[in-house]
Amino acid sequence: MSSLQFLSYFDKDSNTFSYLVWESASKAAVVIDPVLNFDPASGRTSSAAVERIIQDIQAQQLQLNYILETHVHADHLSGAAALKALCGGTVPVGIGDQICRVQQVFGALFALPTLADGKPFDLLLPDDTILPLGDANIRVLHTPGHTPACVSFLIGDLLFVGDTLFMPDYGTARCDFPGGDAATLYRSIQKLFALPDSTRMLMCHDYGAPGRPDVANETSVGEQKSQNIHVGQGRMEADFVTLRTTRDATLSMPKLLLPSVQVNMQAGELPTAEANGIRYLKLPLNQF
Ligand SMILES: [Fe+2]
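Next up, the structure:
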């Protein structure tokens with residue numbers, strides 16, 4: 002029986018949790034959903050959050066085997082490329098193989114038509130892929146709905162769900178981005194609910210909830226099944242779709258959607274510098 006350990010990192014600007022997970026005997030490690038710090042007002046980026054993870058990798062003497070993304074995030078820039086570069090440039094960055102669909106839609110929006118084959122991600126992960134992690138392994142579960150390329154990662158009894166589910170008192174992720182679909186999300190959640198109730202579930206985001214000012218990032222399959230305010234207590238698919246789509250119609254665009262998507266669909270690589278040596282993000286006008 003392998004033993005797993007993990008550390009959580011919270012980015013307060015985007016309410017995102019990143020994770021460093023490792024198998025104790027081999028010290029084989031994976032980082033899930035790293036964040037690149039970004040101040041949109043000044044255009045300044047920083048790898049401070051990624052450097053904190055690297056400190057722990059070094060302190061625990063870990064061998065970083067993979068950098069994995071649960072999906073193309075729309076609320077923060079991915080730190081995957083920065084982490085990869087700071088670790089020598091050889092650690093593969095992986096994401097669900099449906100990333101190509103996201104690249105097709107948003108590649109057209111940002112006039113990057115050649116971006117549709119999954120590059121520059123190093124690993125395009127089909128459903129049910131098993132990645133070895135020392136004596137443990139990482140099982141890739143496709144969980145589309147929030148986006149078409151969302152995946153969850155099951156490592157031992159640790160389930161990293163990305164934006165499939167939020168804490169039980171917050172519910173579920175929106176499904177109104179291109180390629181998102183509430184019925185699809187419902188079925189993905191049922192797939193996770195088929196895992197043992199004791200499975201520990203780690204969130205990608207938390208914003209607190211009414212009566213709960215502090216952020217939290219861990220629950221379980223059993224708790225979600227009984228207590229999730231959107232899908233708990235056996236809520237039926239049609240009820241959920243009505244609830245989700247009604248709520249989505251009231252939500253505004255995430256502030257960092259446009260910067261995030263153009264960087265994150267390229268594995269966190271910042272746009273190529275122009276002749277003056279400066280990198281620019283694009284801002285498509287009147288498209289939403
Ligand atoms: Fe997301």
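Going by our numbering, the sequence shown opens with residue 2, and the numbers climb by one from there.
Using N, Cα and C, we set each Cβ at its ideal position, and we do this for glycine too.
Computed from a prediction, not measured in an experiment: that's the story for all the values here.
{"query": "Reduced DSSP category for residue 7 - H, G, I as helix; E, B as strand; rest coil", "result": "strand"}
{"query": "Inter-stretch contact (C-beta, 8 angstroms, three-pair minimum) for the region 230-237 and the region 33-46", "result": "no"}
{"query": "Residues sharing a beta bridge with residue 38, DSSP", "result": "47"}
{"query": "Nearest residue (CA-CA) to residue 80, options 252, 152 and 34", "result": "34"}
{"query": "Opening and closing residue of the beta strand (DSSP E) in which residue 64 lies", "result": "64-69"}
{"query": "Closest by C-alpha distance to residue 154, when choosing among 69, 273, 266 and 264", "result": "69"}
{"query": "Beta strand (DSSP E) segment containing residue 201, residue limits", "result": "201-203"}
{"query": "Cutoff 8 angstroms; reference residue 285; Cβ partners in own chain excluding five residues on either side", "result": "110, 111 and 259"}
{"query": "Within 7 angstroms, strictly: CB atoms of residue 135 and residue 27", "result": "yes"}
{"query": "Segment limits, alpha helix (DSSP H) that includes residue 261", "result": "258-265"}
{"query": "Continuous alpha helix (DSSP H) stretch holding residue 242: start and end", "result": "238-249"}
{"query": "At least three beta-carbon pairs within less than 8 angstroms, the region 185-201 to the region 215-226", "result": "yes"}
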